[in-house]
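Under my numbering, think of the first position of the sequence shown as 731, with each following residue one higher. No residue lacks a Cβ here, since even glycine has one placed at the ideal position from N, Cα and C. I have placed the structure first, in the form of structure tokens, so that the comments after it can refer back to it.
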Amino acid sequence: MRTAAHRHGILTAGGALPLVGHSGRLLRDPLGFLAECRRTGDLVRIHVGPKRAVLVCRTDLARAVLVEQAQHFEKGGIIFEHLRPISGNGLFTVDRANHLHDRRLIQPVFTRPAIARYVPVMSEEAHRLSAAFRHRATVDVKAETRMATIRILIRSIFPTARPEQVKRFLTLLDIVFAGVYARIAVPIAAAHRLPLPHNRRFQQALALAWATAGDIVAEARAGSGRSADATGFLPAFMRARPGGSGPGFTDAQLRDQVMSLLLAGAENAATVVALACHHLAHAPRHERLLHAEVDEVLTGEAIGAEDVGRLPRTTRIVTEILRMYPPVWALDRRAQQAVSLGAYRLPAGTDVVISPYLFHHDPALFPDPERFDPDRWDREDMPETARDAFLPFGAGSRKCLGDNFGMAEATVLLATLARSWRLRPAPASRVRVLAHAPLTVKSLQMTADPRVGQEP
Ligand code: HEM
């Protein structure tokens, strides 16, 4: 349906209002809006308040931005500029000039073999989560799982972080994430500078989160983090030297990396696990097969690193949820020079948005895209185009650093819950998926029934 206005050869999405542009649509129904854009053209101009961006609706063009022509694009744009105050110059938001240097120092900590040593922490927190569920009681699966993922992350960053620091981050991140989304959806800086209670709350939460990250770095420098065999991301970053001997990260840089990891890694796996529980409650065959897998594989108390690879069905469920609900549903880039993208020429400075959600729900790539179907990942006939369009972790040099960590974490949490509990929607509960930054589900009320052999 090509009803939108034509400008610079790129169609503008329909329904833009004066001043606010498509902000209203983005706030009310962002995911429906994206689907409409896909029908409008390969590249579609969107207006977010006074800002303009180009939404990429073809996967080959998205790959060109993220991979083949990545050198012409910098991270930047409507979403990015609101993330920078949280992540500073940490890896998530650092500019191209410094990215390769920092990524080389940090990457060794996140290889598949390296993250194996964090699986015991994941398993311990998964057990703590499972033990908090009560027979036939209603539980907010999202809130509980989120506490588990934040604990896992903070304990992995710095194993001796104090419980009150963990608790403080839990509260602060809620306020910060909500404030960031409000700023992305309504990018009118003056509105967010007004001395209103919610603006003050956001600024205070941000300042306190930075101060807490600074304290953690100072404690690591002063204490156990210095030891050569100290585990944790932060001690490893402290030891990292370019080329083995160059100058390492300063304290300010380490604090930025801590904040960057919290921004990038706190919430996503929890959303994935919660939505997996929700869909499994409505898919008895997949639930049965999952239970059979965990009963067969998980014979010991804790899940070990070697078990994670022996849970293919659990992994396929996680993968399918990442397809349906990619937590990072929009990636943004800014053209550093004039670039050709397909048949279009984009001037330098153009903001470009790529939405994994849009591709993951394209029926031409994933048949019956709204259906929860973990088996689609087992089919040999899945076309290469669909695998290429699957971008839950992004692509290219800025691809998620924590992909192995996030996958292992979601798999361990889901398998541990499935071993003990059959979760059912709580009476009158409603699931609301919110396209915030990141895509999230606010709460997910479910009733926990112990599985046979697991009764108290
Ligand atoms: C299911 C879980 C996760 C998902 C879906 C996810 C998704 C993503 C995506 C899409 C990007 C690329 C953003 C862009 O290109 O603009 C990204 C980057 C990143 N993620 Fe993740 N992430 C997850 C978990 C994690 C975890 C657990 C950590 C840390 C422990 C982490 C750390 C990072 C970092 C540091 C970057 C920036 C990488 C760079 O620019 O070099 N992520 N993530």
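Residue i beta carbon near the ligand HEM (any heavy atom closer than 6 Å)
i     : result
N998  : yes
P723  : Nothing can be reported for residue 723: it is not among the residues displayed for the chain, which extend from 731 to 1186.
A856  : no
F1123 : yes
G744  : no
A994  : yes
G807  : no
L1131 : yes
R1128 : yes
L821  : yes
G973  : no
F1135 : yes
V988  : no
R833  : yes
L1169 : no
L991  : yes
V849  : no
V795  : no
L1061 : yes
V1002 : yes
Run of the alpha helix (DSSP H) containing residue i, from where it starts to where it stops
i     : result
D986  : D981 to G995
R768  : P760 to R768
Q1175 : Run containing Q1175: none in the alpha helix (DSSP H); it sits in the beta strand (DSSP E), Q1175 to P1180.
E1139 : D1133 to S1150
S1070 : No alpha helix (DSSP H) contains S1070, which is instead part of the beta strand (DSSP E) from V1069 to L1071.
T879  : V871 to I887
R930  : P927 to A952
L813  : F810 to S817
Status (buried if at least 16 other CB within 10 Å, exposed otherwise) for residue i
i     : result
E798  : exposed
H831  : exposed
S975  : exposed
N998  : buried
S886  : buried
A1065 : buried
N828  : exposed
R707  : Because the chain in this structure spans residues 731 to 1186, residue 707 falls outside the shown range and cannot be described.
T841  : exposed
P1186 : Its pLDDT being 49, under 50, P1186 is placed unreliably in this model, and the coordinates cannot settle the point.
G739  : exposed
T770  : buried
P917  : buried
G1132 : buried
R1012 : Note that residue 1012 corresponds to His in the displayed sequence, not to Arg. Per the 10 Å Cβ criterion, exposed.
K805  : buried
E1026 : exposed
heavy atom of the ligand COA below 6 Å from residue i C-beta
i     : result
C1007 : Although the ligand COA was asked about, the structure shown includes only the ligand HEM as ligands.
Extent of the continuous beta strand (DSSP E) run through residue i
i     : result
I740  : I740 to T742
H777  : L773 to V778
V795  : Per DSSP, V795 belongs to no beta strand (DSSP E) and is neither H nor E.
Y1074 : Y1074 to L1076
Any 3 or more C-beta pairs closer than 8 Å across the segment 1171-1179 and the segment 855-875: yes
Sufficient close CB pairs (3 or more, under 8 Å) joining the segment 1128-1147 to the segment 1033-1044: yes
Examine the Cβ distances between the segment 940-950 and the segment 964-978 and report whether three or more of them are shorter than 8 Å. yes
Do the segment 798-814 and the segment 1089-1107 meet, that is, are 3 or more Cβ pairs less than 8 Å apart? no
Do the segment 980-987 and the segment 1112-1124 meet, that is, are 3 or more Cβ pairs less than 8 Å apart? no
Do the segment 1002-1009 and the segment 1143-1155 touch if we need at least three Cβ pairs shorter than 8 Å? yes
Are three or more beta carbon pairs between the segment 901-920 and the segment 929-946 nearer than 8 Å? yes
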